[in-house]
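Heads up, the thing below is written out as structure tokens.
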Amino acid sequence: MIWLTQQTFDRLNAELEERRGPLRAEIVERISSSRDEGDLKENGGYHAAKDEQGTNEGRIRQLEELLKDSTTEPSADDQTVSAGKVVTYRYNGDDEDESFLLGAREIAEDHTEIEVYSPQSPLGAALEGHKAGETVDFEQPNGRTAKISIVSAVPFSG
Numbered sequence: 296m297i298w299l300t301q302q303t304f305d306r307l308n309a310e311l312e313e314r315r316g317p318l319r320a321e322i323v324e325r326i327s328s329s330r331d332e333g334d335l336k337e338n339g340g341y342h343a344a345k346d347e348q349g350t351n352e353g354r355i356r357q358l359e360e361l362l363k364d365s366t367t368e369p370s371a372d373d374q375t376v377s378a379g380k381v382v383t384y385r386y387n388g389d390d391e392d393e394s395f396l397l398g399a400r401e402i403a404e405d406h407t408e409i410e411v412y413s414p415q416s417p418l419g420a421a422l423e424g425h426k427a428g429e430t431v432d433f434e435q436p437n438g439r440t441a442k443i444s445i446v447s448a449v450p451f452s453g
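Using my numbering, the first residue of the sequence shown is number 296, and each one after it goes up by one.
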């Protein structure tokens, strides 16, 4: 299940409806108009519209899949790192806390005030399922291992 904020869910639904309706119809019209111009081998407008159609249909499938497998339900307030939580953590030996929202990368477009990491990201995967107060070994992208203390994991409140 993919966790999305309500704002992101609504934005993606609106994009899906635009792509299924007006944008799809506009592309079909451009293909039809270009086809009427004659020789398709040398018709740049036709080929560009066909490419755009493929891109649009691919994005429609992507949005349908994402929205079908998503939820906007708030996460349990149990201090466990999971999607939909704002996670505050600290590298051991460091006095500065850092925070991020664990959720789908599409959330970042709507919530720029907080860093968004997916559960599949290295840090998200390392911390997911652990609770506040625990220390976790995290293999950094450079290959080194760091110890990270989870300070808190609270439901995102938007």
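All C-beta atoms in this analysis are idealised placements derived from N, C-alpha and C, irrespective of residue type, glycine included.
Keep in mind it's a predicted model, so treat the numbers as computed, not measured.
Give a yes or no on whether the C-beta atoms belonging to residue i and residue j are separated by under 7 Å.
| i | j | result |
| --- | --- | --- |
| residue 429 | residue 445 | yes |
| residue 375 | residue 441 | no |
| residue 338 | residue 328 | no |
| residue 407 | residue 299 | no |
| residue 344 | residue 315 | no |
| residue 412 | residue 433 | no |
| residue 451 | residue 381 | yes |
| residue 397 | residue 378 | yes |
| residue 405 | residue 302 | yes |
| residue 318 | residue 362 | no |
| residue 294 | residue 347 | Because residue 294 is not part of the residues shown, which for the chain are 296 to 453, the question remains open. |
Under a three-way DSSP split, which group does residue i fall into?
| i | result |
| --- | --- |
| residue 320 | helix |
| residue 452 | coil |
| residue 300 | coil |
| residue 350 | helix |
| residue 359 | helix |
| residue 331 | coil |
| residue 305 | helix |
| residue 434 | strand |
| residue 385 | strand |
| residue 427 | coil |
| residue 326 | helix |
| residue 402 | helix |
| residue 441 | strand |
Pop quiz: residue i and residue j are said to be a contact at Cβ under 8 Å. What is the actual Cβ separation, rounded to whole angstroms?
| i | j | result |
| --- | --- | --- |
| residue 391 | residue 385 | 7 Å |
| residue 365 | residue 304 | 6 Å |
Determine the extent of the alpha helix (DSSP H) in which residue i is found, giving its start and end residues.
| i | result |
| --- | --- |
| residue 414 | Residue 414 -> no alpha helix (DSSP H), and no H or E assigned at all. |
What are the boundary residues of the beta strand (DSSP E) that includes residue i?
| i | result |
| --- | --- |
| residue 394 | 393–397 |
Three or more beta-carbon pairs under 8 Å between the segment 343–361 and the segment 419–436, yes or no? Per the Cβ contact rule, the segment 343–361 is not in contact with the segment 419–436 (fewer than 3 Cβ pairs under 8 Å).
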